[in-house]
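Okay, structure first, notes after.
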Amino acid sequence: MHTVAIGTEGNKLARRSKNQLSLQVLKKFRIIFGSVRQHFREVERTCGVTGSQLWILQETGKTPDIGVSELAERLSIHQSTCSQLVEKLVARKLIVKERSKEDQRRVGLRLTATAARILESAPGPAEGILPEALQTLPESALLSLDKSLLELIGQLRIRNDKLADKHLSDL
């Protein structure tokens, strides 16, 4: 009888410990999400563009005449999402589209002088603080994190896999 009581107490302790651990992990997610949102708010306040738009401007500045497909790949977003973001930047006269002289089907993107000035004054990193932080992790940590996040995603009651192709600032 005595061992059952100890076992029951041990189970309660283990449940309490697991609950505390899950709350600690939740707090870390809050720190990550809050910090990311704070960075994007600073980008919008300083530059007048969203975080995803700033990253597009940076990549376009690094690679003049880049196409939308390559741009979408670099940002790890869906091509249609990238096209919509580019159209907004074109409408604001921050990016211009130019047809290739060699291949009229190909349209390249270039920054305007206004966009170049925005990039100069932008708080970094243009791609956002989370992608930058992930790049600094060792591969073993990234693999472990990827596996753990897949397990977590598997436990979600509501899940929208299409969100994987959206930029964090556009969620």
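So in numbering that gives the first Met the number 0, spot 100 of the sequence shown is number 99, and the numbers just go up one at a time.
C-beta atoms are modelled at their ideal positions from N, C-alpha and C, and glycine is treated no differently.
Please read all numbers here as calculations on a predicted model, not as lab measurements.
Taking C-beta atoms as the reference points, residue 122 and residue 45 count as a pair closer than 9 Å. According to DSSP, residue 96 shares a beta bridge with 108. Distances from the CA of residue 112 to each of 131, 88, 127 were compared; the closest alpha carbon is that of 88. Around the beta carbon of residue 117, 16 or more other beta carbons lie within 10 angstroms, which makes this residue buried.
The Cβ atoms of residue 168 and residue 32 do not sit closer than 9 Å to each other. Of the candidates 120, 136, 110, the residue whose Cα lies closest to the Cα of residue 61 is 110. Between residue 90 and residue 80, the C-beta gap is not smaller than 9 Å, which leaves the two residues out of contact.
Between residue 160 and residue 108, the beta carbon gap of about 28 Å keeps them out of contact (Cβ cut-off 8 Å). Of 170, 85, 106, 139, the smallest CA-CA separation from residue 114 is found for 85.
Leaving aside the five residues that flank residue 77 on each side, the residues in its chain whose CB is nearer than 7 Å to its CB run, in chain order, 71, 164. From the listed residues 20, 83, 14, the smallest Cα separation to residue 166 is found for 83.
As DSSP reads the structure, residue 65 sits in a beta bridge with 108. A distance below 9 Å separates the beta carbons of residue 73 and residue 58. By the neighbour-count criterion, in which a residue is buried when 16 or more other Cβ atoms sit within 10 angstroms of its Cβ, residue 55 is buried.
Considering only 151, 69, 170, the residue with the shortest C-alpha distance to residue 21 is 151.
Between residue 127 and residue 50 the beta-carbon gap is near 5 Å, inside 8 Å, which marks them as a contact.
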